[in-house]
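What follows is a set of notes on a single structure, which appears directly below.
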Amino acid sequence: MRSRSSRYGQSFIRHKTKEREQIDRRIAEIKHALAQLGPLRPGSISRQYNICGTPGCRCKADPPEKHGPYHQLNYTWRARSRTEFVRDHDLAEVSAELDNYQQLRLLTEEWIDLGIVGFLQEVAAATIENETRERPTTGSRWKMVSDGAPICVLVGDSFEAPNDRTPGRTGQHSWTFRVERSGRATIELAVVRSWDAQAPAASVFRLTVTASD
């Protein structure tokens, strides 16, 4: 969101598309799924078979019958490779922690991807809303100087009068634009006085829109 303040209030831009709404919903689902994850453990489990040093042991037969299997956890922590043996009664718990860690990575990678895609979609196909404060009782109104055509199309123009009709109270004037194509455009609004149309604008709002495929 970018904003610009003036003595007539605050003008601000919001970007929202249907695709963005879908992305936001998916991100909310990812956040919920992350919160449900249990203990985490990085690494992987491998099965190992060993040969002992006892003379005449079956592990030295031909063919050998090695001891095992033993479950070995391999992981990297603080830039160092580590190995631990996992007892049989701990295997299910450790495996669940490994699965949680993999799920964490998948979900966070998807979250990052969605954030990037959402940003690009906002730039390429945005709905831009501009809201300004206006005092019609004093004769000062916002006037459209440039609507950003043909890159942008004005799709909404409304004014919400103040509840208090006291002279000088401000209402809210809203414009909604839709980005139609890639390119560069300027949206410009200016405050004019009805009794002096030739006078310089009392305040100017200018937005440069750059849209790309």
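For the sequence shown, the numbering used here gives the first residue as 8, with consecutive numbering after it. Here a beta-carbon is modelled for each residue, glycine too, at the ideal position from N, C-alpha and C.
- Rounded to whole angstroms, Ser-53 and Ile-119 show a C-alpha spacing of 31 Å.
- Ile-37 is positioned such that its CB atom lies closer than 8 Å to that of Glu-117.
- In the DSSP assignment, Thr-183 falls within the unbroken beta strand (DSSP E) covering 178-186.
- Residue Leu-105 holds the alpha-carbon nearest to the alpha-carbon of Gly-45 among Lys-67, Lys-73, Leu-105 and Asn-81.
- Ala-156 is positioned such that its CB atom lies no closer than 8 Å to that of Ser-189.
- In the DSSP secondary-structure assignment, Ser-53 is bridged to Gln-79.
- Beyond the five residues adjoining it in sequence on each side, Gly-125 comes within less than 6 Å, by CB distance, of Arg-27 and Ile-30 in the same chain, given in chain order.
- The continuous beta strand (DSSP E) containing Ser-165 extends over residues 159-167.
- Buried is the label assigned to Gly-50, since at least 16 other Cβ atoms lie within 10 Å of its Cβ.
- A residue is called buried when at least 16 other Cβ atoms come within 10 angstroms of its Cβ; Cys-59 does not meet this threshold and is exposed.
- The C-beta distance from Tyr-108 to Leu-196 rounds to 52 Å, too long to meet the 8 Å contact threshold.
- Looking at Arg-191, Arg-32, Ser-210 and Ala-192, the one whose alpha-carbon comes closest to that of Val-199 is Ser-210.
- Going by DSSP, Glu-91 is part of the beta strand (DSSP E) stretching over 87-93.
- Leaving aside the five residues that flank Asp-95 on each side, the residues in its chain whose CB is nearer than 8 Å to its CB run, in chain order, His-78.
- His-96 is not bridged by DSSP to any residue.
- Look at Gly-125 here: in three-state DSSP terms it is helix.
- A Cβ-Cβ separation of about 14 Å leaves Phe-184 out of contact with Val-152 under the 8 Å criterion.
- Phe-166 sits exposed, since fewer than 16 C-beta atoms from the chains shown fall within 10 Å of its C-beta.
- The residues Thr-183, in chain order, have a CB closer than 6 Å to that of Gly-163 in the same chain once the five nearest residues on each side in sequence are set aside.
- The Cβ atoms of His-39 and Tyr-56 do not sit closer than 8 Å to each other.
- Taking the CA atoms as reference points, Leu-111 sits about 7 Å from Leu-41.
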